Every structure is written in structure tokens, then in C-alpha cells.
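Yeah, the sequence shown ends on 187 if you go by numbering that gives the first Met the number 0, and it's all consecutive. To keep things clear, I will list the structure first and then write my remarks on it.
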Amino acid sequence: MFEQSEQPFDFDELANHLVEQGQQVSPSQIHGCLCGLLAAGAAPEAELSLAALSQGMELDLHGELAEQVMSLYSVSAAALGDESFDFHPLLPDDEVDIAQRTESLALWCKGFLTGFALVAAGDDEGASRQVPADSSEVLRDLAAIAEAGVDEDAPEDESEDSYHELVEFIRVAVLNVYMDHLREDGDA
């Protein structure tokens with residue numbers, strides 16, 4: 000099960016900094032975008048994260064928030080590349096209402112797809128390089144999850160179980176897409 004304590008960044012703190020700068024975006028969507036960039040092969044240099052967020056999500060971050068985002072990008076790059084598979088998407092704590100957590104999960108997936116597409120569109124080799132079949136399937140699954148919502152008629156414990164299963168699926172799927180990219184680069 001996903002343990003929020005494993006997350007090195009505080010969702011609420013990042014959300015507060017975003018509000019202070021007048022940004023109407025979820026920390027989950029930002030983290031998803033950063034992870035999408037990395038999974039598609041973006042360089043791990045932290046400054047790239049701000050330029051990509053500006054281009055892909057039209058965000059202009061500055062000050063402490065910009066530093067936090069660059070740090071989040073670096074930590075995410077390390078987590079994706081770590082052999083212990085300790086990567087986790089940045090999502091609200093389990094105490095937050097399931098509908099809000101599900102919305103954040105959907106936004107994380109939308110952000111991931113944005114980041115992945117941003118790198119793929121800017122890749123000079125993009126026309127000749129195919130996305131591996133497994134990664135293509137994951138991208139389709141993430142697009143479906145990006146439309147997720149809570150079934151109001153489902154029992155709460157069933158919704159919780161489904162949510163945690165989706166979080167774990169995303170965690171493993173993103174690691175696989177990242178590894179597919181590394182294998183592709185190794186073959187190039």
C-alpha cells in the first residue's frame with residue numbers, strides 16, 4: 000500500500016506555495032508532468048523542469064516555489080532511476096476525501112502525459128523512434144485513468160481499495176516506461 004510518509008515533499012505545502020503565486024494547478028499535476036518529462040528521456044538537470052513547466056503547462060514559477068520544483072524534479076529523477084523502485088507519485092494524504100484524492104490522481108496522469116508528449120514532440124529523432132509497445136499501452140492506460148472519478152454508489156472501502164490499486168499500478172507502470180526509455184537509449 001502507498002505510504003504518504005515515503006514522499007519527501009509535502010503536498011499541502013507545495014499547494015500553498017502555488018496558491019501564493021496565483022497558480023491554479025495541483026502539485027500532483029506538476030509532479031506528473033515532471034515524471035513524464037523524465038520517463039520520456041528529458042535530461043535530469045533541475046533547471047529544465049522550470050522551462051518545461053513553462054512551455055507545457057504555461058506556469059511561471061519563481062522564488063522558493065521554483066526551487067522546490069527543481070528539487071522535486073531532481074528527487075524524482077533519482078527515485079525513477081533508483082534500483083530500489085522507491086518512486087511514488089505526489090498525491091494528497093490518505094486523510095483527504097477520496098473524491099479529492101481521485102481527482103489528484105487523474106491530474107497526476109494528465110500531467111505525466113503532458114510531460115511525456117512535450118519531450119516526444121521536441122525529440123529530433125521522434126519521427127523515427129517508436130514508443131515501445133508496453134509503454135504505449137501504459138500511456139493509453141494513464142489516459143484512461145486521467146478521466147477517473149469516484150463512483151458515488153460504491154462502498155467507501157471499495158473506493159479506497161480501487162484508489163490504492165490505481166496508485167500502485169501507476170507507480171509500477173511509470174517505472175516501466177522509464178526503464179523502456181533507458182533500454183531504447185541503450186540500443187540507439
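Idealized CB from N, CA, C, for every residue including glycine. From a predicted model like this one, the values you see are computed outputs, not experimental measurements.
The C-beta distance from Phe115 to Gly35 rounds to 4 Å, short enough to fall under 8 Å.
In the three-state reduction of the DSSP assignment, Pro26 falls in the helix class. Val171 has its alpha-carbon roughly 21 Å from the corresponding atom of Ile97. The beta carbon of Tyr162 is closer than 8 Å to those of Ile97, Arg100, Thr101, Leu104 in its chain, skipping five residues each way along the sequence.
Non-local beta-carbon contacts of Leu33 in its own chain, meaning distances under 7 Å to residues more than five positions away in sequence, involve Ser48, Leu71, Tyr72, Ser75, Gly114 in chain order. With a 10 Å radius around the Cβ and a threshold of 16 neighbouring Cβ atoms, Gly55 comes out buried. For the pair Leu117 and Ser27, the CB atoms are not nearer than the 8 Å cut-off.
A distance below 7 Å between beta-carbons, with the five flanking residues on each side excluded, links Leu174 to the following residues of its chain, in chain order: Leu79, Phe84, Phe86. Taking a 10 Å sphere around the C-beta of Val137, we find 16 or more other C-beta atoms and assign the residue as buried. Distance between Leu64 and Arg139, taken at the CA atoms: about 31 Å.
For Asp81, the closest of Glu183, Tyr177, Ala132 by C-alpha to C-alpha distance is Tyr177. Contact between Gly110 and Ile29 holds, since their C-beta atoms are separated by about 6 Å, short of 8 Å.
Between Gly21 and Leu106, the C-beta gap is not smaller than 8 Å, which leaves the two residues out of contact.
Secondary structure note for Ser135: its alpha helix (DSSP H) is the uninterrupted segment 132 to 144. The residue from Gly40, Asn15, Glu157 with its alpha-carbon nearest to that of Asp179 is Gly40.
The Cβ atoms of Leu141 and Cys108 sit closer than 8 Å to each other.
By the neighbour-count criterion, in which a residue is buried when 16 or more other Cβ atoms sit within 10 angstroms of its Cβ, Pro88 is buried. Counting along the chain, the unbroken alpha helix (DSSP H) around Ser103 starts and ends at 97 to 121.
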